[in-house]
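Notes follow once the structure below has been shown.
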Amino acid sequence: MQVILLRRTMGFVLTLIAVSVIVFAVMNVLPGDPAITILGIDSTEDARAALRAELGLDRPVWLRYLDWVWHAAQGDFGTSYFFRVPVTELITERLPLTLSLALAGMTVTVVVGITLGMIAAARHGTFGDWAIMLFSQMGIAVPAFWLSILLVLLFAVGLRWLPPGGFPGWDEPLLAARSLILPTTALALVQSAVLARVTRSSALEVMRLDFVRTARATGLSRWRVLRRHILPNALVPIVTIVGMQVAAVVTGTIVIENVFYLPGLGRLIFQSIANRDLFTVQALVVLFAAIVVTANFLVDIAYVLIDPRLKGRMT
Amino acid sequence: MIEANDITVRFGTAEALRGINLTLSPGQRLGIVGESGSGKSMLGLSLMGMLPDAAGMSGQIRIDGTDMTGAKIASWRAIRARKVAMIFQEPLAALNPLRRVGNTVMEPLRQHLGHSKDAARARVLQLFEETGIQDPVAKFRQFPHELSGGQRQRVLISLALACNPKVLIADEPTTALDAHVALRITDLLVRLAEERGMALVFISHDLAAVARTAQDIAVMYGGEIVERGPVHAVLSSPHHPYTQGLLLARPALGAGHLRERLPVIPGTVPAMRDLAVGCRFSGRCAVELPHCATERPASRPVGAHHDAACHRIGAAT
């Protein structure tokens with residue numbers, strides 16, 4: 001177990017290093033100059049050069065990278081070129097919003113996706129199954145940003161039940177939650193459609209197995225067989241997909257926060273890329289990567305918790 | 001215990017079972033033999049109300065005084081485990097791989113009999129003891145893949161017995177097991193049936209296992225019972241040509257026999273929809289009469305409690 005943990009941690013660190021190198025390189029290759037973005041296109045070349053020197057942009061790329069790593073390792077992710085505040089501060093301000101959105105999105109995805117998938121499997125071949133699969137096919141086909149716009153048109157512009165976008169801040173929790181309903185729906189709908197399909201096919205596979213017949217022969221109710229015998233055995237593929245969906249939901253916040261004008265990390269990363277705000281982008285990408293790698297690690301732990309036969313076979 | 005009258009199971013126009021009659025009294029042990037495809041498993045499932053959705057069943061069934069004729073799934077669920085229980089062929093596959101075997105056996109006790117956790121646990125240990133599982137306390141916490149084949153089958157028997165059923169249907173319970181383990185399991189089933197006064201339906205393609213387990217034997221072919229009677233009578237003087245063929249096709253132990261080719265029944269079991277309208281065995285039968293393929297032979301007594309369904313019986317013999 002300790003060996004596994006050590007190997008995992010090393011993989012974690014290596015992934016983050018690789019990600020940060022790539023981001024650094026890409027941001028340098030991309031056209032655009034932070035000095036121009038900050039000072040405007042009317043600025044003089046002297047002023048820009050002075051600013052570049054001040055930001056340390058006149059030094060070679062590799063030196064700047066090493067410098068960044070050195071400070072990042074100590075928890076200092078640099079100062080945003082654009083906002084002129086420490087990156088850490090930018091992130092901690094916006095983290096709660098994105099985290100809430102992502103968590104709500106994942107919760108809805110898991111609950112709705114697994115429930116619909118199990119219902120479809122239980123009603124295999126009936127109208128209910130057919131209707132759920134049609135919904136999920138549509139869910140998979142629709143892009144999230146387009147769905148967001150439709151949701152806004154219907155529930156905000158048309159019915160006026162919910163705000164079309166923006167965020168009132170956490171001082172009013174109810175209002176805050178209200179403004180997250182549409183973004184969460186937009187984020188979770190596609191993912192739950194995917195999960196419903198995976199759940200259905202996995203459950204159908206399990207239903208054919210002998211122990212399900214044993215459970216039925218024991219006189220257990222249909223619901224109990226479904227929940228206590230079929231679902232746990234169908235979980236391994238489901239958990240695999242859920243792990244991948246964490247990545248999809250975290251990156252999905254970039255699109256959703258922009259459509260709904262939510263001041264979260266997704267919107268921040270979008271702005272920072274546009275502004276060539278290297279340090280902010282760097283920190284955010286590393287943070288997103290860390291979340292995804294952690295999710296994958298949790299999935300691997302979940303496998304062993306689900307299936308006792310896998311114990312000792314984990315690598 | 002069980003009274004089944006004229007049970008017929010259809011898949012579309014094909015008949016998987018035709019006109020099965022069956023009576024079992026408490027403690028009686030009935031063996032059902034036949035090749036794969038003879039309908040013996042289908043018969044077991046029909047007594048549990050567990051036929052596939054596509055199957056249509058007719059006929060009357062009474063189980064322990066309850067009329068199950070045309071019963072809905074909910075009524076079947078109410079008697080499963082409590083009146084009639086079933087064990088299956090492949091014990092590893094038949095156990096939920098993610099649950100400790102103790103919890104699996106506890107489930108019907110908690111669900112059907114409303115036992116508390118502690119009471120159910122105590123009862124499971126008792127059942128494990130009764131079915132000859134060694135070190136029940138340790139086994140309780142183990143997963144199916146950690147047990148041996150024989151132990152797994154004992155766990156399944158414990159599960160089936162949990163709610164004290166009046167009838168136990170064992171569908172090929174020993175087929176997947178080693179020969180010596182299989183013997184112990186059949187002996188266990190006999191002992192349990194005797195001690196509990198429980199009727200046992202022992203389904204197997206293995207004549208020797210059936211002979212060891214059952215008092216009476218029913219031979220199935222093409223979805224029908226073609227011959228039935230006390231084990232020794234049927235085995236020593238088989239009257240139906242199919243039973244005769246089945247007995248001849250068994251390897252006999254002893255010098256001189258080893259190099260001989262075993263006689264076989266010519267042909268294979270036809271597909272359900274290709275079965276003859278008359279005697280199901282016509283087409284493969286060595287002593288077939290002209291009207292065998294079209295006229296269904298009635299079951300006729302050929303000895304004490306021994307009868308067979310063949311046009312040859314009572315005719316020119």
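Chains as they are written, first to last, in full-length UniProt numbering: chain D, 1 to 315; chain X, 1 to 317. Where a beta carbon is used, it is the ideal one built from N, C-alpha and C, also for glycine.
Under 8 Å between beta-carbons, which chain D residues line up against residue i? List them in chain order, please.
| i | result |
| --- | --- |
| His-115(X) | Chain D residues near His-115(X): none, gap ~14 Å exceeds 8 Å. |
| Leu-159(X) | Thr-214 and Thr-218 |
For residue i, which residues in chain X fall below 9 Å Cβ to Cβ?
| i | result |
| --- | --- |
| Ser-272(D) | Here the premise fails: no neighbours, minimum Cβ distance about 46 Å. |
| residue 323(D) | Chain D is shown only over 1 to 315; residue 323(D) falls outside these bounds and no answer can be derived. |
Please say whether residue j and residue i have beta carbons closer to each other than 7 Å?
| i | j | result |
| --- | --- | --- |
| Arg-312(X) | Val-277(X) | no |
| Met-86(X) | Met-42(X) | no |
| Val-212(D) | Ala-234(D) | no |
| Val-190(D) | Gly-139(D) | yes |
| Val-239(D) | Ala-144(D) | no |
| Ser-20(D) | Val-286(D) | yes |
| Leu-24(X) | Ile-2(X) | yes |
| Ala-209(X) | Thr-243(X) | no |
| Ala-55(X) | Phe-88(X) | no |
| Asp-277(D) | Phe-12(D) | no |
| His-112(X) | Ala-74(X) | no |
Output the boundary residues of the alpha helix (DSSP H) element that contains residue i.
| i | result |
| --- | --- |
| Val-26(D) | 2-29 |
| Gly-229(X) | Where Gly-229(X) is concerned, there is no enclosing alpha helix (DSSP H), although the beta strand (DSSP E) it sits in stretches over 224-230. |
| Ser-202(D) | 173-207 |
| Ser-75(X) | 73-79 |
Looking only at C-alpha atoms, which of the options sits nearest to residue i?
| i | options | result |
| --- | --- | --- |
| Ala-104(D) | Ala-188(D), Leu-153(D) and Val-13(D) | Ala-188(D) |
| Arg-62(X) | Asn-5(X), Ile-185(X) and Gln-153(X) | Asn-5(X) |
| Asn-275(D) | Phe-155(D), Val-23(D), Asp-33(D) and Phe-12(D) | Asp-33(D) |
| Thr-15(D) | Thr-294(D), Leu-262(D) and Val-246(D) | Thr-294(D) |
| Ala-120(X) | Gly-197(X), Glu-107(X), Thr-131(X) and Gly-132(X) | Glu-107(X) |
| Arg-77(X) | Val-101(X), Met-50(X), Gly-102(X) and Phe-88(X) | Met-50(X) |
| residue 339(D) | Ser-43(D), Val-3(D), Glu-89(D) and Ala-47(D) | Here chain D comprises residues numbered 1 to 315, so residue 339(D) is not present and cannot be evaluated. |
| Gly-150(X) | Ala-271(X), Ala-179(X) and Asp-118(X) | Ala-179(X) |
| Leu-154(D) | Leu-182(D), Trp-170(D) and Gly-166(D) | Leu-182(D) |
| Ile-230(D) | Val-242(D), Asp-210(D) and Ala-248(D) | Asp-210(D) |
| Glu-195(X) | Leu-235(X), Asp-135(X) and Gly-27(X) | Gly-27(X) |
| Ser-204(X) | Leu-156(X), Glu-15(X), Ser-36(X) and Thr-13(X) | Ser-36(X) |
| Ala-177(D) | Val-250(D), Pro-96(D), Trp-68(D) and Met-244(D) | Pro-96(D) |
| Ile-119(D) | Ala-203(D), Gly-252(D) and Arg-309(D) | Ala-203(D) |
| Ala-186(D) | Thr-199(D), Pro-168(D) and Val-142(D) | Val-142(D) |
| Val-112(D) | Ala-290(D), Arg-200(D) and Leu-310(D) | Arg-200(D) |
| Glu-54(D) | Ile-38(D), Gln-137(D) and Trp-62(D) | Ile-38(D) |
| Leu-177(X) | Ala-81(X), Phe-281(X), Val-84(X) and Pro-91(X) | Pro-91(X) |
Below 8 Å on C-beta distance, what does residue i contact in chain X?
| i | result |
| --- | --- |
| Leu-175(D) | Under the 8 Å cutoff, chain X gives no residues; its nearest Cβ is about 44 Å from Leu-175(D). |
| Ile-306(D) | Leu-98 |
| Arg-309(D) | Pro-97, Phe-143 and His-145 |
Label residue i either buried or exposed according to how many other C-beta atoms from any shown protein chain fall within 10 Å of its C-beta, with 16 as the threshold for buried.
| i | result |
| --- | --- |
| Pro-165(X) | buried |
| Val-29(D) | exposed |
| Thr-98(D) | buried |
| Thr-317(X) | Any reading at Thr-317(X) is ruled out, since the residue's pLDDT is 45, under 50, leaving its predicted position unreliable. |
| Lys-40(X) | buried |
| Arg-191(X) | exposed |
| Ala-264(X) | Before going further, note that residue 264(X) is Val rather than Ala in the sequence given. Val-264(X) is exposed by the Cβ-count criterion. |
| His-305(X) | exposed |
| Ser-237(X) | exposed |
| Asp-171(X) | buried |
| Leu-262(D) | buried |
| Ser-116(X) | exposed |
| Thr-315(D) | Confidence at Thr-315(D) is low in this model, with a pLDDT of 49, below 50, so the placement of that residue should be treated as unreliable; the coordinate-derived value is given next. When all chains shown are included, Thr-315(D) counts as exposed. |
| His-145(X) | exposed |
| Gln-311(D) | One point to set straight first is that residue 311(D) is Lys, not Gln, in the sequence displayed. Exposed, since its Cβ has fewer than 16 Cβ neighbours within 10 Å. |
| Trp-170(D) | exposed |
| Val-201(X) | buried |
I need the boundaries of the beta strand (DSSP E) containing residue i, first residue and last residue.
| i | result |
| --- | --- |
| Gln-60(X) | 56-63 |
| Pro-301(X) | 299-303 |
| Glu-15(X) | 14-24 |
| Asn-5(X) | 2-11 |
| Phe-260(D) | Neither: Phe-260(D) is in no beta strand (DSSP E) and is coded neither H nor E. |
| Ser-204(X) | 199-204 |
How would you list, in chain order, the residues of chain D whose beta-carbon sits under 9 Å from the beta-carbon of residue i?
| i | result |
| --- | --- |
| Met-48(X) | Arg-216 and Ala-217 |
| Phe-88(X) | Asp-210, Arg-213, Thr-214 and Ala-217 |
Along chain X, in chain order, which residues have C-beta atoms closer than 7 Å to that of residue i?
| i | result |
| --- | --- |
| Pro-232(D) | Leu-98 |
| His-229(D) | Asn-96 |
Can you pull the chain D neighbours of residue i, defined as C-beta to C-beta under 7 Å?
| i | result |
| --- | --- |
| Ala-93(X) | Leu-209, Asp-210 and Phe-211 |
> Given a limit of 9 Å on CB to CB distance, which residues of the stretch 73-85 of chain D reach chain A?
Replying inline: Looking at the structure shown, chain A is missing, and the protein chains on hand are D and X.
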